[in-house]
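Undergrad:
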Amino acid sequence: MESLQQRREELERKEYQLKESLLKFDKFLKENDSKRARAVKKANDERELKRQKDKEIDRLEEEYKALTNQKNKLQKKLENYTGFHLYMEKVLEAGEEFHELRDIIARWDTLTATHQDLLERDQENQEVIEKQRQNLMRYMEEKDNEILGYNNKLSGLQTQLDAAQSESVKWESMWNHIKNTAAKKTLVLGRIKMSTHNLYQLVKKHQKQAEAAEETIEQLTQGMGLRLSYHRVHRVIILPLRVILGVELLLGWESPGSGVALCLASVAGPPLLDVDSGH
Numbered sequence: 001m002e003s004l005q006q007r008r009e010e011l012e013r014k015e016y017q018l019k020e021s022l023l024k025f026d027k028f029l030k031e032n033d034s035k036r037a038r039a040v041k042k043a044n045d046e047r048e049l050k051r052q053k054d055k056e057i058d059r060l061e062e063e064y065k066a067l068t069n070q071k072n073k074l075q076k077k078l079e080n081y082t083g084f085h086l087y088m089e090k091v092l093e094a095g096e097e098f099h100e101l102r103d104i105i106a107r108w109d110t111l112t113a114t115h116q117d118l119l120e121r122d123q124e125n126q127e128v129i130e131k132q133r134q135n136l137m138r139y140m141e142e143k144d145n146e147i148l149g150y151n152n153k154l155s156g157l158q159t160q161l162d163a164a165q166s167e168s169v170k171w172e173s174m175w176n177h178i179k180n181t182a183a184k185k186t187l188v189l190g191r192i193k194m195s196t197h198n199l200y201q202l203v204k205k206h207q208k209q210a211e212a213a214e215e216t217i218e219q220l221t222q223g224m225g226l227r228l229s230y231h232r233v234h235r236v237i238i239l240p241l242r243v244i245l246g247v248e249l250l251l252g253w254e255s256p257g258s259g260v261a262l263c264l265a266s267v268a269g270p271p272l273l274d275v276d277s278g279h
């Protein structure tokens with residue numbers, strides 16, 4: 001029994017030792033995992049840092065190249081400007097207006113600002129000139145349209161003037177024709193009056209009235225009151241009037257109401273008897 005008890009205690013002691021060992025091993029594993037995680041994180045951080053550093057190195061190298069190029073350019077400019085520097089120093093030595101290089105630079109800045117101001121003014125003036133030119137073009141276009149309209153009106157008025165002149169020539173020709181016709185009719189009327197007067201004088205010899213007629217119509221009216229022979233009327237009245245009437249018809253003056261036609265109608269009235277025969 002005592003031996004069994006000792007073995008049990010021994011087993012319990014070993015079990016306890018085993019548990020302690022397991023706990024220690026578990027702790028060891030956890031510590032290893034933690035260390036491993038930290039190591040992995042550190043490695044990742046170092047890789048990221050290296051990548052950033054490499055990127056920074058690339059950027060710095062590009063910047064270095066750019067700065068080197070800029071330095072070379074500035075060096076070339078400096079070499080080029082050295083001649084100007086020497087020239088400006090000679091200007092200072094030769095002239096009395098400027099005493100230092102900064103005075104020349106200030107003068108240059110003033111002239112540059114003035115030049116820029118003049119350029120801006122010139123630009124403004126050019127804009128004003130362009131605007132005025134456009135206004136002038138619009139004005140000229142409007143006036144050209146007005147001139148075109150006036151030319152069209154003038155053409156129409158010229159056409160009207162030509163028509164009016166043509167009409168005037170026609171009416172002037174008609175007026176000359178009327179004046180000539182009036183003169184010829186006046187001549188014919190004078191001949192008719194003369195023939196009527198001669199007829200009246202012939203008839204008056206056979207009348208016993210004392211009063212003498214002055215007007216041609218009265219002379220014809222009184223003349224119809226005496227009966228003459230047909231042959232005498234034909235010879236004294238009809239033939240002269242036919243001659244006059246023939247001239248009037250030839251000239252286109254005869255109308256149903258003309259003086260000659262009325263005279264013929266009056267003379268060629270009822271049959272007249274011969275006065276000499278007493279019938």
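All residue numbers in the sequence shown are consecutive under this note's numbering, ending with 279.
Glycine included, C-beta positions come from ideal geometry on N, C-alpha and C.
#1: Using a threshold of 8 angstroms, state whether the C-beta atoms of Leu101 and Leu92 are closer than that.
#2: Applying the criterion that 16 or more other CB atoms from any shown protein chain within 10 Å of the CB defines a buried residue, is Leu4 buried or exposed?
#3: By Cβ distance, which residues of its chain are closer than 6 angstroms to Gly190, with the 5 residues on each side in sequence left out?
#4: Roughly how many angstroms separate the alpha carbons of Glu124 and Thr159, rounded to a whole number?
#5: So, helix, strand or coil for Gly95, using DSSP?
#6: What are the boundary residues of the alpha helix (DSSP H) that Glu124 is part of?
#7: Measure the alpha-carbon distance for Thr68 versus Glu61 and round it to whole angstroms.
#8: Report the rounded CA-to-CA distance for Lys71 versus Glu127, giving the unit in angstroms.
#9: Can you have a look at Val40 and say buried or exposed, based on whether 16 or more other CB atoms are within 10 angstroms of its CB?
TA: According to the structure data:
#1: By one-based count along the sequence shown, residue 101 stands at place 101. By one-based count along the sequence shown, residue 92 stands at place 92. Yes, the Cβ-Cβ distance between Leu101 and Leu92 is below 8 angstroms.
#2: Position 4 of the sequence shown holds residue 4. By the 10 Å Cβ count, Leu4 comes out exposed.
#3: Along the sequence shown, read from residue 1 onward, the residue named residue 190 stands at position 190. Correct list: empty, nothing qualifies.
#4: In the sequence shown, the residue the question calls residue 124 occupies position 124. In the sequence shown, the residue the question calls residue 159 occupies position 159. When rounded, the distance between both Cα atoms is 52 angstroms.
#5: Residue numbering aside, residue 95 sits at position 95 when the sequence shown is read from its first letter. Correct three-state label for Gly95: coil.
#6: For the purposes of this step, residue 124 is identified with residue 124 of the sequence shown, where counting begins at 1. Start and end: Leu101 to Lys204.
#7: Start at 1 with the first residue of the sequence shown, and residue 68 comes out as number 68. Start at 1 with the first residue of the sequence shown, and residue 61 comes out as number 61. Going by the C-alpha atoms only, they are around 10 angstroms apart.
#8: Locating residue 71 in the sequence shown gives position 71, counting from the first residue. Locating residue 127 in the sequence shown gives position 127, counting from the first residue. Their backbone Cα atoms lie some 43 angstroms apart in a straight line.
#9: Taking the first residue of the sequence shown as position 1, residue 40 is located at position 40. By the neighbour-count rule (16 or more Cβ atoms within 10 Å), Val40 is not buried but exposed.
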